[in-house]
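Trainee:
Protein chains: 2
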Amino acid sequence: MPETKVKKNDDFNEWYNEIVELSDLCDKRYPIKGMNVWRPYGWKLMSHVDELIRLEMDKTNHLEVNFPLLIPESSFKKEEEHIEGFGSEVYWVTHAGLNELEEKWLLRPTSETAMYPIFSLWIRSHADLPLKTYQIVNTFRYETKQTRAFIRVREIHFFEAHTCHIDFRDAEDQIKEDKEIAKRLFQKLSLPFILSKRPEWDKFAGAFYTISIDVLMPSGRTLQLGSIHQYKDNFSKPYEISYETEDGKHAYCHQTTYGMSERILGALVGIHGDNKGLIMPSAVAPIQVVIIPILFKETKESVLKACENLDKQLKEKCIKSHIDKRDITPGNKYYDWELKGVPIRVEIGPKDIEKKQVVIVRRDTSSKISAPENSSVETIMDELQKLSENLYNNAKKLLDNNVHRVQTIEEAKNLNGIVELPWCGVESCALEIEEILEGNTLGEPIDEKKCQDFCPVCSKPAITWMRYAKTY
Amino acid sequence: MPETKVKKNDDFNEWYNEIVELSDLCDKRYPIKGMNVWRPYGWKLMSHVDELIRLEMDKTNHLEVNFPLLIPESSFKKEEEHIEGFGSEVYWVTHAGLNELEEKWLLRPTSETAMYPIFSLWIRSHADLPLKTYQIVNTFRYETKQTRAFIRVREIHFFEAHTCHIDFRDAEDQIKEDKEIAKRLFQKLSLPFILSKRPEWDKFAGAFYTISIDVLMPSGRTLQLGSIHQYKDNFSKPYEISYETEDGKHAYCHQTTYGMSERILGALVGIHGDNKGLIMPSAVAPIQVVIIPILFKETKESVLKACENLDKQLKEKCIKSHIDKRDITPGNKYYDWELKGVPIRVEIGPKDIEKKQVVIVRRDTSSKISAPENSSVETIMDELQKLSENLYNNAKKLLDNNVHRVQTIEEAKNLNGIVELPWCGVESCALEIEEILEGNTLGEPIDEKKCQDFCPVCSKPAITWMRYAKTY
Chain A
745 MPETKVKKND DFNEWYNEIV ELSDLCDKRY PIKGMNVWRP YGWKLMSHVD
795 ELIRLEMDKT NHLEVNFPLL IPESSFKKEE EHIEGFGSEV YWVTHAGLNE
845 LEEKWLLRPT SETAMYPIFS LWIRSHADLP LKTYQIVNTF RYETKQTRAF
895 IRVREIHFFE AHTCHIDFRD AEDQIKEDKE IAKRLFQKLS LPFILSKRPE
945 WDKFAGAFYT ISIDVLMPSG RTLQLGSIHQ YKDNFSKPYE ISYETEDGKH
995 AYCHQTTYGM SERILGALVG IHGDNKGLIM PSAVAPIQVV IIPILFKETK
1045 ESVLKACENL DKQLKEKCIK SHIDKRDITP GNKYYDWELK GVPIRVEIGP
1095 KDIEKKQVVI VRRDTSSKIS APENSSVETI MDELQKLSEN LYNNAKKLLD
1145 NNVHRVQTIE EAKNLNGIVE LPWCGVESCA LEIEEILEGN TLGEPIDEKK
1195 CQDFCPVCSK PAITWMRYAK TY
Chain B
745 MPETKVKKND DFNEWYNEIV ELSDLCDKRY PIKGMNVWRP YGWKLMSHVD
795 ELIRLEMDKT NHLEVNFPLL IPESSFKKEE EHIEGFGSEV YWVTHAGLNE
845 LEEKWLLRPT SETAMYPIFS LWIRSHADLP LKTYQIVNTF RYETKQTRAF
895 IRVREIHFFE AHTCHIDFRD AEDQIKEDKE IAKRLFQKLS LPFILSKRPE
945 WDKFAGAFYT ISIDVLMPSG RTLQLGSIHQ YKDNFSKPYE ISYETEDGKH
995 AYCHQTTYGM SERILGALVG IHGDNKGLIM PSAVAPIQVV IIPILFKETK
1045 ESVLKACENL DKQLKEKCIK SHIDKRDITP GNKYYDWELK GVPIRVEIGP
1095 KDIEKKQVVI VRRDTSSKIS APENSSVETI MDELQKLSEN LYNNAKKLLD
1145 NNVHRVQTIE EAKNLNGIVE LPWCGVESCA LEIEEILEGN TLGEPIDEKK
1195 CQDFCPVCSK PAITWMRYAK TY
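See below:
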């Protein structure tokens, strides 16, 4: 079987760059760097991820909206920290036709400043709360670092949920729900993740606190797939999002947001793929089962009939199956569909028809099973499930083997992946460790707070663990 | 029943402006004029229209892609007529952060100039053809005329199909397919339309010819919902989209495009709606059936049970039904759902349970039917179908009664809607008629070419009919 030129274990980043183009996910030759073309296969995959997100949003009573892309400078400038955080990263529209605009507009880097002036009109009374909205749109950030398909781009396919609540506690409940959504969603994608509460100096511009959702890539670097933010009333005050309480007073809303991006696709590619190409979990695979007829002249008809019969049965079970009838060798077909990451390949030839069986090949393990024809659909559905579980377990092993809790910087230095060190709570100590480890702070584990050890920099009692990793 | 302040027959345009906001389709208070906020109900409707389009595209083997929003000035400038046509209508990004860009970028007004440099890389040989792609994205045009929700906006929700073919004839076949797609799609939307071949001076900038898809709004003005363009090799030459033929030569592709926009929603609102609100054809209604329990204390439980039973049965048939359990009067519920255009309302009260029936109310005719409980699902499905047919027939009557074929400008002057006059083929004659009628040329009927009459301006023999109308 043909394989990628660069091997995943030899040079992960180069392998990644090769695979995203070989498998027809995107085209990086667009004349603006970091703005890539979504090819049909890549766009389909992304759309399937979007659909899973929409399903979770529907289930939790979020309503889909769609706000304008362009934001007037004056709307953008209402929250000070926010503009400090994003000001240097935005694209500006200054002209329309031959005219200079009276006020500059920016392309949304995220939509707080587009939405919140309108939220202040939508929300009048406690009966309007909670307001739970989301949108799936493209956002724009002027990246100066090296770009990488799906991981660091300048036009970003983006999901953002924005919610408004009567008080801090209700907003906290939303964040609990958000964590549950992440759990369900990333389970379907076979992507184990960790949640970290970002340190003060690295939270979202304007947020009260930020929880980041990170996965570990096989290179040992972490990739942030999303984040959940508690805004408290930091935005609702400058944007005047207030409501009349039940007893007739006025109060400001508390807000949360939840963002995720096309980086999810980067994680699916990077974590699950191998030297033969992509491996897609069943939940998002554009084709879940490809059926390959093994054709000889004299038995062609019966083989095709068996293939069509299976295809029909699978479609009745809502499984996305496809018969590859192209006039090329079966080997070439195997190669194509392995590259595209189709989870299950079924081969049907004259011998299989004689034996009333089909041959089922798993993309992840290459294992071959002969299944009786009359139970083939069940076996295939079973194997689809097992493949997703196997992908998850492999990724979980990778993650678990690469989270290291240690006490000293010396120990941390030689470790790959994520290290957790005791932290006293002082910014300068964490920054010093960042520099020594040539990594970044990810934040504190959100599920446990206590750490009985001592800060390895200042030797004072630690108040928590702090995670460090090299990041994308 | 409450009605709109402005009546549809009294002042269509004002009624339209009122209804799009009252029914929660969009919010026009965004601080940039002509860039409106899609509210959840409006976005859902638009998404359903998009899904119908995707269905047609899938059926005809078009692949969905997604190209970057921003286009470098140099890509944009390759086709002369195109830039002449669009140059004064585009928004320019000139700065990123604090830096001035080396080359200006524009926000796509349409995507030819984004796609075609990449198509020239994708297409190498005749085996790569036809290339049939489409995308659903937002486009941007600097409108200087008065804006109107869905009809004239500056950020436009847009569908665009782009195809490449071996020759003119194959591209012509694509245009035939496009017309069939329009027929199927607009039938589902209950929107009768006419196709006109635009005159030379009014075709798409760069096209060989343009066919426009127009509907007639109740105001007597036409609304262009889409267009189909034959580009010949007008773009493939400057963008170098060529291929190797079977006999080893090089040839330029012939191209077509097919565009439609959120104006479809404008037509659905304007043509079908009435003084009580929207009326949505079943194919796109976010809620197709709303069930209203008529609740009294002693029978509450059995009524709710009957409602839930029906709701379940409808959902099994993939009908989008909803039980309105809110604690407000049935009358207020009727009002809300009429405003939103839900096609069928079902009322179930204690008397209906006694009689083992449900009451079915059609949104379009207000007709009430009592249907036996055990056949209620069939009756509802039937009525949904009938409603769509009735909407179509009403719109068809409006259109047919307002297309007037006459010989003289005098006759044309007093007519509302679309007038067809003999035309000699000379631009100045048509422009003179435009001026006298205070309307625009729509173009020639595409299905018949011959006209035996004489041009009402120059009196020379006519070669075709020319349509004129006031347009949005």
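From first to last, the protein sequence lines are chains A and B. Note that the first sequence covers residues 745 to 1216 in the working numbering. Note that the second sequence covers residues 745 to 1216 in the working numbering. Built from N, CA and C at the ideal position, the CB exists for glycine as well.
If I measure Cβ to Cβ from B:H870 and keep anything under 8 Å in the same chain, skipping five residues before and after, which residues do I get?
Mentor: I910, Y987, E988, T989, E990
Trainee: Comparing the C-beta of A:V809 with each C-beta of chain B, is any distance below 8 Å?
Mentor: yes
Trainee: Using DSSP with H/G/I as helix, E/B as strand and the rest coil, what is A:V809?
Mentor: coil
Trainee: Buried or exposed for A:E1171, going by 16 or more other Cβ atoms inside 10 Å?
Mentor: Exposed, since its Cβ has fewer than 16 Cβ neighbours within 10 Å.
Trainee: In whole angstroms, what separates the C-alpha of B:G964 from that of B:L939?
Mentor: 17 Å
Trainee: Which runs of the alpha helix (DSSP H), 4 residues or longer, sit entirely within the segment 1075-1133 of chain A?
Mentor: 1094-1098
Trainee: Please check if any C-beta of chain B sits within less than 8 Å of the C-beta of A:G1183.
Mentor: no
Trainee: Might you give, ordered along the chain, the residues of its own chain that have their beta carbon closer than 8 Å to the beta carbon of B:V897, omitting 5 neighbours on each side?
Mentor: Its chain contains G778, M779, N780, E887, T891, E1006 as the residues whose beta carbon lies nearer than 8 Å to that of B:V897, once the 5 sequence neighbours on both sides are disregarded; these appear in chain order.
Trainee: State yes or no: is the C-beta of B:C915 within less than 8 Å of the C-beta of B:T877?
Mentor: Strictly speaking, residue 915 of chain B in this sequence is Ala, with Cys absent from that position. In this structure, B:T877 does not lie closer than 8 Å to B:A915 by Cβ.
Trainee: Please state the DSSP three-state secondary structure of A:E921.
Mentor: helix
Trainee: If I measure Cβ to Cβ from A:E823 and keep anything under 6 Å in the same chain, skipping five residues before and after, which residues do I get?
Mentor: G950, F979, P982
Trainee: Would you check if the distance between the CB atom of B:Q1101 and the CB atom of B:P1087 is smaller than 8 Å?
Mentor: no
Trainee: Flag this pair as touching only if the segment 846-863 of chain A and the segment 765-777 of chain B have three or more C-beta atom pairs under 8 Å; answer yes or no.
Mentor: yes
Trainee: Using the C-alpha atoms, what's the distance from B:P943 back to B:K952?
Mentor: Lys is not the amino acid found at residue 952 of chain B; the sequence shown has Phe there. Their backbone Cα atoms lie some 11 Å apart in a straight line.
Trainee: Secondary structure at A:V1147, three-state DSSP: helix, strand or coil?
Mentor: strand
Trainee: CB-CB under 7 Å to B:L1048, same chain, minus the five flanking residues each way: which ones, in chain order?
Mentor: For B:L1048, same chain residues with a beta-carbon under 7 Å away, outside a window of 5 residues either side, are P1037 in chain order.
Trainee: To the nearest angstrom, how far is it from the Cα of B:E1176 to the Cα of B:Y1216?
Mentor: 20 Å
Trainee: Under the rule that 16 or more other beta-carbon atoms within 10 Å means buried, what is B:Q918, buried or exposed?
Mentor: buried
Trainee: Need the endpoints of the alpha helix (DSSP H) that A:N1019 sits in, please.
Mentor: Segment: none, A:N1019 is in no alpha helix (DSSP H) and carries neither H nor E.
Trainee: Just to confirm my understanding: we take A:E808, look at its own chain, exclude 5 residues before and 5 after, and list those with CB closer than 8 Å. What are they?
Mentor: R798, M801, T877, Y878, Q879, I880
Trainee: DSSP puts B:I1067 in a beta bridge; with which residues?
Mentor: B:I1035
Trainee: Return the CA-CA distance between A:P962 and A:L1142, expressed in angstroms with no decimal places.
Mentor: Here the alpha carbon of A:P962 sits roughly 7 Å from the alpha carbon of A:L1142.
Trainee: Considering only the alpha carbon of each residue, which of B:K976, B:I827, B:N1184, B:Y760 lies closest to B:P853?
Mentor: B:I827
Trainee: Could you give the DSSP three-state label for A:M790: helix, strand or coil?
Mentor: helix
Trainee: Tell me the DSSP secondary structure of B:E823 in three-state form.
Mentor: coil
Trainee: What residue from A:L1186, A:M1210, A:T1185, A:G1183 has the CA that sits closest to A:C1195's CA?
Mentor: A:M1210
Trainee: Could you check which residue in A:Q1032, A:E856, A:Y1078 has the C-alpha nearest to that of A:D977?
Mentor: A:E856
Trainee: Who are the near neighbours of A:L1039 in its chain, counting only those whose CB is closer than 7 Å to its CB and skipping five residues on each side?
Mentor: The beta carbon of A:L1039 sits closer than 7 Å to those of V1047, all from its chain and outside the five residues before and after it, given in chain order.
Trainee: Please name the residue in B:D1108, B:P1166, B:L1159, B:D872 whose C-alpha comes closest to that of B:A1139.
Mentor: B:D1108
Trainee: Tell me which residue opens and which closes the beta strand (DSSP E) that B:T1043 is part of.
Mentor: Annotation for B:T1043: no beta strand (DSSP E) segment contains it, and DSSP assigns it neither H nor E.
Trainee: Where does A:R773 sit, in a helix, a strand or coil, going by DSSP?
Mentor: coil
Trainee: To the nearest angstrom, how far is the alpha carbon of A:K804 from that of A:P874?
Mentor: At residue 804 of chain A the sequence reads Thr, which differs from the Lys that was named. About 12 Å.
Trainee: At what residue ranges does the segment 988-1014 of chain A contain a whole run of the beta strand (DSSP E), taking only runs of 3 or more?
Mentor: 994-996, 998-1005
Trainee: Output needed in chain order: residues of the segment 1055-1083 of chain A with a Cβ under 9 Å from some Cβ in chain B.
Mentor: none
Trainee: Does any CB atom of chain B fall closer than 8 Å to the CB of A:L842?
Mentor: Yes, contact with chain B.
Trainee: Specify, as a first and last residue, the run of the alpha helix (DSSP H) that A:V764 falls within.
Mentor: Looking at the DSSP string, the run of the alpha helix (DSSP H) that includes A:V764 is 756-766.
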